[in-house]
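The next block holds one structure in the form of structure tokens; read it before the comments.
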Amino acid sequence: MAEHSQSRAPTPTVIATLCTTGTCPTVYQTPDGTYLVQGRPVEPASVGIDVPADEALVEIPESLVDLLRAGGRRIE
Numbered sequence: 077m078a079e080h081s082q083s084r085a086p087t088p089t090v091i092a093t094l095c096t097t098g099t100c101p102t103v104y105q106t107p108d109g110t111y112l113v114q115g116r117p118v119e120p121a122s123v124g125i126d127v128p129a130d131e132a133l134v135e136i137p138e139s140l141v142d143l144l145r146a147g148g149r150r151i152e
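Residues in the sequence shown are numbered from 77 upward in steps of one, following this note's numbering.
Listed below in structure tokens is the structure:
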């Protein structure tokens, strides 16, 4: 019987967050150089934006954007 090794996907790096619990808006950078944004989901129709079925809108506070502009990474 052949053994199968389970490789783990590289973990994204926190670029900016407002807390350490993982329960608040956060921006991550992936090893591939793309970004992931954690925020509250927004229904596109409720804000008048058309979004393709394979994409999603999330809302983040202005303070997180300000943190990104300042270089990111505040963790409390």
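All C-beta atoms in this analysis are idealised placements derived from N, C-alpha and C, irrespective of residue type, glycine included.
- Task: Reducing DSSP to helix, strand and coil, say where E119 ends up.
- Result: Indexing the sequence shown from 1 puts residue 119 at position 43. E119 falls in the coil class under three-state DSSP.
Going by beta-carbon coordinates alone, are V90 and T102 separated by less than 9 Å?
Along the sequence shown, read from residue 1 onward, the residue named residue 90 stands at position 14. Along the sequence shown, read from residue 1 onward, the residue named residue 102 stands at position 26. Yes. Within cutoff.
Checklist entry - What are the boundary residues of the beta strand (DSSP E) that includes V134? => result Start at 1 with the first residue of the sequence shown, and residue 134 comes out as number 58. From DSSP, the beta strand (DSSP E) with V134 extends over 133-135.
- Have a look at V141, P88, V134 and flag the residue whose alpha-carbon is nearest the alpha-carbon of T110. Locating residue 110 in the sequence shown gives position 34, counting from the first residue. That would be P88, whose Cα lies nearest to the Cα of T110.
- What is the residue span of the alpha helix (DSSP H) that V113 lies within? Translated into positions along the sequence shown, residue 113 becomes position 37. Element bounds for V113: not the alpha helix (DSSP H) but the beta strand (DSSP E), 111-114.
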